[in-house]
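Trainee: One structure, pasted below without further comment.
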Amino acid sequence: MRGQFITFEGGEGAGKTTQAERLAKALNNAGIETLLTREPGGTFGAEAIRDLVLSGTSERWSGLTELLLMYAARLDHVEKLIEPALDRGVWVISDRFTDSSMAYQGYARGLGKDRVEAVHKAVLDDFEPDITILFDMDPVMAMKRVETRGEEISRFDAESIEFHKVLRDAFHHIAEKNSDRFRTINADASRDAVHTQILFAITQKYPDLAGQLTDGA
Ligand code: TMP
27 MRGQFITFEG GEGAGKTTQA ERLAKALNNA GIETLLTREP GGTFGAEAIR DLVLSGTSER
87 WSGLTELLLM YAARLDHVEK LIEPALDRGV WVISDRFTDS SMAYQGYARG LGKDRVEAVH
147 KAVLDDFEPD ITILFDMDPV MAMKRVETRG EEISRFDAES IEFHKVLRDA FHHIAEKNSD
207 RFRTINADAS RDAVHTQILF AITQKYPDLA GQLTDGA
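Positions in the sequence shown are counted from 1; adding 26 to them yields our numbering.
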């Protein structure tokens, strides 16, 4: 049976990466083979594009160039890693995917929904995740988390708080329009509470997993 494709979305500093690892463990404990990956990145070529697109000043790339770089990385990722894994029956969890392009490039960079949809159609046709978990969080709190994380600040982290507020609204809008695929969780809560919300969302979507998903800590 084909695997399921789960994506995590949201602004910066919402804790997606840690939670993706924890969900992967919970699924593994339930006997489901899982592959954890991220965007931009996930393959050798896509990780090289990630370095290009995340480093440098905000003006380094225009919105459209950024979009095309994201989709170049994404095509490599889908063709070489995601599709083959799903075909083998493996469940794939990606830390970000196409909804990030719509929110960041389409809305926050102002390219517009139609442009992003046209590129999506040309590159990936109607390929999309089976379920998307949106990590919703106050951007002011989230940026404080990013600052205290001690990691390198990316071109996107360095954007203004206004940019991050636009992003949050953009994700809400995208989630509303795709309400059958999206589940929104409150990422301001404790790590344990966020994990519980995610397990709940997954068992709602996959009722056969009820009672099998235990804490992936
Ligand atoms: P992250 O992996 O630390 O979240 O960093 C990835 C950054 O790239 C994040 O700021 C969001 C941005 N991004 C886009 O702008 N468009 C995209 O399509 C993707 C996948 C990420």
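Think of the CB as a built atom: it goes at the ideal place given N, C-alpha and C, for glycine as much as any other residue.
Note that the coordinates shown come from a computational prediction; the quantities given were computed from them, not determined experimentally.
Compute the Euclidean distance between the alpha carbons of R171 and G132, then round it to the nearest angstrom.
Mentor: Rounded to the nearest angstrom, the two C-alpha atoms are 25 Å apart.
Trainee: Helix, strand or coil for D102, going by three-state DSSP, please let me know.
Mentor: It is helical.
Trainee: Can you give me the Cβ contacts of N54 inside the same chain, cut-off strictly under 7 Å, excluding the 5 residues immediately before and after it?
Mentor: Correct list, in chain order: T60.
Trainee: Just to check my reading of the structure: A111 and I75 have Cβ atoms closer than 8 Å, yes? What is that Cβ distance to the nearest angstrom?
Mentor: Contact flag wrong, Cβ pair sits at about 20 Å.
Trainee: So within the region 176-221, which uninterrupted beta strand (DSSP E) runs reach at least 3 residues, ignoring any that extend past its ends?
Mentor: Counting whole runs of 3 or more residues, the region 176-221 contains the beta strand (DSSP E) stretches 208-212.
Trainee: Excluding five sequence neighbours on each side, which residues of the same chain lie with their C-beta closer than 6 Å to the C-beta of Q30?
Mentor: Answer for Q30: W117 and D156, listed in chain order.
Trainee: Does the Cβ of Y130 lie closer than 8 Å to at least one heavy atom of the ligand TMP?
Mentor: Y130: yes, Cβ under 8 Å from the ligand TMP.
Trainee: So, helix, strand or coil for L78, using DSSP?
Mentor: DSSP places L78 in helix when its eight states are reduced to three.
Trainee: Relative to the C-alpha of E178, which candidate in E35, I58, D77 and A50 has its C-alpha closest?
Mentor: Looking at the Cα atoms, D77 is the closest of the given residues.
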